[in-house]
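In this note's numbering, the protein residues as written are 720 to 886.
Here a beta-carbon is modelled for each residue, glycine too, at the ideal position from N, C-alpha and C.
Note that the structure is predicted; figures quoted are calculated from it, not measured.
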């Protein structure tokens, strides 16, 4: 069976690369490289996976975890530690990227990973469960727990803001 058509690959990249990049930036390293590598692997995959989007997320996750483990071993050998990179490169008009990074950073990785995959990646809970290797109810619980934690932290800030000036 043939591999994916170049035009289809381009459409997939334009449509899903930004969300995949956000997902990839949860881990230290170069998120752009992780996303590009996933699409290169997709282009070489013959036959293409039946469900392309969850497959791409799985490749990004596995590659990121493998790279992270290798980096940890390398730093241990070299005795050097590095700071993780920011998850966002561009500030969106509707969302302050730095604020989103700060809010998401307080969550445990297992909660943050599910939230990013669901909200920005558009994955179903079934796809997320397979992605992170947990049950469907566990994926849903992690999502709800993460949103609850974010909401609780944000409510405190919103109630302290001064009222808007009247003109």
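Close CB contacts of residue 865 within its chain, under the 6 angstroms cut and outside five residues either way in sequence, are with 826, 830 and 834 (chain order). If you draw a straight line from the Cα of residue 731 to the Cα of residue 871, it is about 36 angstroms long.
Counting along the chain, residue 723 sits inside no alpha helix (DSSP H), nor does DSSP assign it H or E at all.
Here DSSP, grouped into helix, strand and coil, assigns residue 743 to helix. Assigned with DSSP and collapsed to three states, residue 734 falls in helix. With a beta-carbon spacing of about 6 angstroms, residue 747 and residue 787 fall inside the 8 angstroms limit used to define contacts. In terms of CA proximity to residue 749, 780 leads the group 818, 771, 762 and 780.
The continuous alpha helix (DSSP H) containing residue 789 extends over residues 771-797. Secondary structure note for residue 750: its alpha helix (DSSP H) is the uninterrupted segment 750-763.
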